[in-house]
Ligand code: KG4
Ligand code: ZN
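Residue numbers (my numbering): 179 to 525.
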């Protein structure tokens, strides 16, 4: 089955073709980062307009790369949420329009389920069950994954997501959007011994996260350095380092707990922040200590992309799911624990 995947939930237009026999055949992406950078964050209306401009040419590009005509597609999967509603609508309308014209099934996919299963696109893919740490700009969640659609939320952020915290810290440090990779880069030249930031919610049991206090702490530290006339490049790097250490340490502590609590030996790390090198190094080390194993998507599939949507769509379509053509789904808020296993899947 050849499935076209469409992702337009935020600031990346992603398209891919996944073949259930051949695997991922082609994928293409247009990032709007440069367009939003001058505003310091995503401007929803500009995002929708740009998806409208980019989507059809990207679909053509993917079909050309795959050497396929539209008529050779078997189904279409698109991101139905969560995300920016106007941006989601562009993907939903295109997917339903194509499905009607080609008379093929269409399915709305959950964006975070895409991130969660993105490591399945790799040669070294995890078997079920596993623990997944989902860390993106909008979500920080620990999930026990027993199969497709069989997810138990173990813990999540009660306020800011880890990626959001990185982006806000970047802003305080005068860096561009999205800040995660820039804070990580600046942190490389930071002195880890100079400042120590708190590890929120690690001193009590449980698997929830909170990053908003850390954000305030970061701002206070920057202001204090400023007041002393000491906020030079090195001090900025030291703040970035202390911030990154605190976020990474917090995530690692909770992953360790989740592995202990579930007794599982496989850890999947996905979503934009999973591109963070220090986080990966620390998790690798942690997994080695307990003869567990960590799995990640390749770099470009850590952040938003069409491949993960094509993959999840293909698995669910194979299991017999599809939506009524013309009934578009664009759901800004959609808790992942409301997802279900396809009814034909074994329990
Ligand atoms: O998954 P994603 O592309 O979009 C959402 O669904 O939110 O994640 C984007 C987030 C941004 O907050 C970005 O700053 C963060 O991932 N990010 C990073 C790194 N690369 C991207 N955070 C820390 N270190 C990185 N290397
Ligand atoms: Zn995402």
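Quick reminder that beta carbons are idealized off the backbone N, C-alpha and C, glycines included.
Rounded C-alpha distance that separates residue i from residue j
{"i": "residue 392", "j": "residue 400", "result": "12 angstroms"}
{"i": "residue 500", "j": "residue 278", "result": "13 angstroms"}
{"i": "residue 270", "j": "residue 412", "result": "47 angstroms"}
{"i": "residue 338", "j": "residue 317", "result": "8 angstroms"}
{"i": "residue 510", "j": "residue 188", "result": "11 angstroms"}
{"i": "residue 239", "j": "residue 181", "result": "15 angstroms"}
{"i": "residue 233", "j": "residue 381", "result": "46 angstroms"}
{"i": "residue 340", "j": "residue 298", "result": "23 angstroms"}
{"i": "residue 193", "j": "residue 373", "result": "43 angstroms"}
{"i": "residue 446", "j": "residue 351", "result": "31 angstroms"}
{"i": "residue 268", "j": "residue 483", "result": "15 angstroms"}
{"i": "residue 253", "j": "residue 260", "result": "21 angstroms"}
{"i": "residue 282", "j": "residue 249", "result": "9 angstroms"}
{"i": "residue 471", "j": "residue 265", "result": "36 angstroms"}
{"i": "residue 186", "j": "residue 387", "result": "27 angstroms"}
Closer than 8 angstroms: residue i CB and nearest the ligand ZN heavy atom
{"i": "residue 290", "result": "yes"}
{"i": "residue 187", "result": "yes"}
{"i": "residue 395", "result": "no"}
{"i": "residue 481", "result": "yes"}
{"i": "residue 286", "result": "no"}
{"i": "residue 315", "result": "yes"}
Check: residue i C-beta below 8 angstroms from any heavy atom of the ligand KG4
{"i": "residue 409", "result": "no"}
{"i": "residue 228", "result": "no"}
{"i": "residue 340", "result": "yes"}
{"i": "residue 469", "result": "no"}
{"i": "residue 190", "result": "yes"}
Beta-carbon gap between residue i and residue j smaller than 9 angstroms
{"i": "residue 323", "j": "residue 294", "result": "yes"}
{"i": "residue 368", "j": "residue 402", "result": "no"}
{"i": "residue 325", "j": "residue 304", "result": "no"}
Collapsed DSSP secondary structure at residue i in the structure displayed
{"i": "residue 189", "result": "coil"}
{"i": "residue 209", "result": "strand"}
{"i": "residue 431", "result": "helix"}
{"i": "residue 524", "result": "Interpretation of residue 524 is limited by its pLDDT of 46, a score under 50 that renders its predicted location unreliable; the figure taken from the coordinates is listed afterwards. DSSP places residue 524 in coil when its eight states are reduced to three."}
{"i": "residue 489", "result": "helix"}
{"i": "residue 501", "result": "strand"}
{"i": "residue 400", "result": "helix"}
Among the options, the one whose alpha carbon lies nearest that of residue i
{"i": "residue 263", "options": "522, 520, 521 and 506", "result": "506"}
{"i": "residue 184", "options": "486, 513, 496 and 495", "result": "486"}
{"i": "residue 498", "options": "504, 482, 447 and 519", "result": "519"}
{"i": "residue 473", "options": "302, 283 and 345", "result": "302"}
{"i": "residue 492", "options": "193, 197 and 191", "result": "197"}
{"i": "residue 466", "options": "444, 481 and 454", "result": "444"}
{"i": "residue 207", "options": "503, 360, 290 and 479", "result": "479"}
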